[in-house]
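In the working numbering, the protein residues as written are 1 to 292. A virtual CB, placed ideally from N, CA and C, is assigned to each residue, including glycine. Worksheet: one structure, shown below.
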């Protein structure tokens, strides 16, 4: 049941999510509306819940979840988290190139498509130098941006316009998330959840994977998820996270991966200084004995 058929009757949508119409609107313009007590002279219309019963759901054909990297990155929003200056941006660039070329990465199949890398802490000169360091041939399917609008200030529209121009877009990486966050309110949890959730809505709407590069907190913790800077609202709003731990006392770095559509796994990685690439040493899914 649609509560409102004549969208022209709606003058505004409040911050609380309610649709509002002017007081002189003829009730015949509205279909199956549920008027609530007036607020400042405006009629508030409650939107009915859209439900689906279990039998219908089980008999409804659904598209399978599409993976950008098999078992690691699916359509949706992800966090790539690590300490500053420990190779997150090199990893982000390596993932972008793998998608742009359709090449395997860390023994995982990759779906080829356009990749958009928002390098918001870099300039084109630094990006060019990194490309020269990591590859001899960058494909035209990888795209770079050094400036963009923020969350709630046009970022969603910019990403949507990009995907319309490049309909084979599979991946967007935002490096870093902090660069697109706006003015924060007093509720830190709500801020984290709202910002990460806004990015997830873009990814869900477009059916692509968006990875947000973020920092770890300074305090140490045995649970990798607790190392994500901010509140639990951040990982709670996204579909998954990749947490890079690269401690001096460890021979290899570890990438902890978890999410709604991926199997929990750990990747032992070694950063190759000559190629500026992360090389797979072991995967807990295929080689669990190396993680005992």
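Asked	Found
Just reading off the beta strand (DSSP E) that residue 76 is part of, what are its end residues?	76-82
Confirm, please, whether the CB-CB distance from residue 190 to residue 233 is below 9 Å.	yes
For residue 269, collect the residues of the same chain with a Cβ closer than 7 Å to its Cβ; drop the 5 residues on either side in sequence, then sort them by chain order.	252, 253, 255, 278, 279, 280 and 281
Between the Cα of residue 143 and those of 119, 157, 126 and 151, spot the shortest distance and give me the residue it belongs to.	119
From this set, 124, 227, 211 and 146, which residue's C-alpha is nearest residue 91's C-alpha?	211
To the nearest angstrom, how far is the alpha carbon of residue 123 from that of residue 146?	6 Å
What is the C-beta distance between residue 67 and residue 116, in whole angstroms, given that I count them as a contact (C-beta under 8 Å)?	About 18 Å; that fails the 8 Å criterion.
May I ask you to verify whether the stretch 222-232 touches the stretch 47-60, counting CB pairs closer than 8 Å and requiring at least 3?	no
Would residue 213 and residue 80 qualify as a contact pair, given that the criterion is a beta-carbon distance under 9 Å?	yes
Who are the Cβ neighbours of residue 121 in its own chain at under 7 Å, not counting the five residues just before and after it?	175, 176 and 179
In its own chain, which residues sit with a C-beta less than 7 Å from the C-beta of residue 166, not counting the 5 before and 5 after it?	114
Could you say if the stretch 68-78 and the stretch 238-245 meet the contact criterion of at least three C-beta pairs nearer than 8 Å?	yes
How long is the line joining the alpha carbons of residue 169 and residue 261, rounded to whole angstroms?	20 Å
Residue 31: buried (16+ other C-beta within 10 angstroms of its C-beta) or exposed?	Only weak support is given to the placement of residue 31: the predicted model assigns it a pLDDT of 48, under 50, and the value that follows is read from those uncertain coordinates. By the 10 Å Cβ count, residue 31 comes out exposed.
In the DSSP assignment, find the unbroken alpha helix (DSSP H) run with residue 158 in it and report its ends.	155-165
Smallest Cα separation from residue 152: which of 127, 183 and 173?	183
Do residue 208 and residue 238 have their C-beta atoms within less than 9 Å of each other?	no
For residue 61, count the other beta carbons within 10 Å of its own beta carbon; 16 or more makes it buried, fewer makes it exposed. Which is it?	exposed
Among the residues of its own chain, which have a CB less than 7 Å from the CB of residue 203, if the five just before and after it don't count?	75, 76, 77, 209 and 210
Considering only the beta carbon of each residue, do residue 263 and residue 291 sit closer than 9 Å?	no
Distance cutoff 9 Å, beta carbons only. Does residue 180 sit that close to anything in chain D?	Among the chains of the structure shown, chain D does not appear; only one protein chain is present.
Going by DSSP, which residues form a beta bridge with residue 216?	228
On the criterion of 16 or more Cβ atoms from any shown chain inside 10 Å, does residue 235 qualify as buried, or is it exposed?	buried
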